[in-house]
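Reading through the structure tokens given below for one structure.
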């Protein structure tokens, strides 16, 4: 029961990040930098307090893959936050949940996994759902900003999928050690991008933005990952997969209530199809004995 509560709590936290980011008046790259830096610091502090030292050997044996996947995480956050701003939290979230579909498409080539009818069905469901979400079915082409947001969201999903695939290549490393290096790498890689390409104005550092920014780093990253990884040893992979859909469901509901970003009927149908396709892909991984704690 405690493990399930930890898992549910982590998903509830992840599901609110879009709301928080919406009210932070700072560039996406800078938000990603702070999120990665604070998140990594929180996990290091937890390791010290719990007397579970960071293993230099585990990190050394996987160093370059950790750094590359960490960089992908950083830019994945940037694209996701930009998707929220251009297309809104619901559409950005649904685009992001195309990641499992991209993993299924790539897995026969990257992981040499067998392509099954279930995978094909999941992909078709998600792709049809994406067409509904885009607004094309409604008879009108989506507005320019929404198209840009969809592109950003799908780009974030592609990067997230690449992280999942790279994580499957990591060997003999704990979830905490892996996540510390990846979050730190994300922060280090996106900082130059933010300084060079983004305009960070001093007046943007309002009390509200600073408070929400710290919350995103401490709560939505450090605490959420600790709860998530801490729950996995006590729940089945199927339970973890099913409960993970609390995240997008909550994000969509809260965006409608708080941000006044409701979806039309076609988008709602698309949301169901995308999440169903992604869920089927997760359950397919379960049937093959894979664990969800390989993802970040």
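Residue numbers (our numbering): 1 to 296.
All residues carry an ideal CB built from backbone N, CA and C; glycine is no exception.
Asked	Found
Of the residues 145, 154 and 204, the one placed nearest residue 27, counting alpha carbons only	204
Outcome for residue 208 when other beta-carbon atoms lying within 10 angstroms are tallied against a minimum of 16	exposed
Distance CB(residue 126)-CB(residue 277) smaller than 7 Å	yes
Span of the alpha helix (DSSP H), counted from its first residue to its last, around residue 236	Premise fails: residue 236 is in no alpha helix (DSSP H) and is neither H nor E.
Limits of the unbroken alpha helix (DSSP H) element including residue 84	63 to 87
CB-CB length for residue 163 against residue 73, believed under 8 Å	6 Å
Beta-carbon spacing of residue 156, residue 76 below 7 Å	yes
Proximity of residue 70 and residue 186 at Cβ, strictly below 7 Å	yes
8 Å contact criterion, which residue 118 and residue 275 should meet: CB distance rounded	Contact doesn't hold; Cβ gap of about 16 Å is too wide.
CB of residue 18 within 7 Å of CB of residue 184, strictly	no
Assigned exposure category for residue 45 - 16 Cβ within 10 Å defines buried	exposed
Helix, strand or coil at residue 264 according to DSSP, with G and I counted as helix	coil
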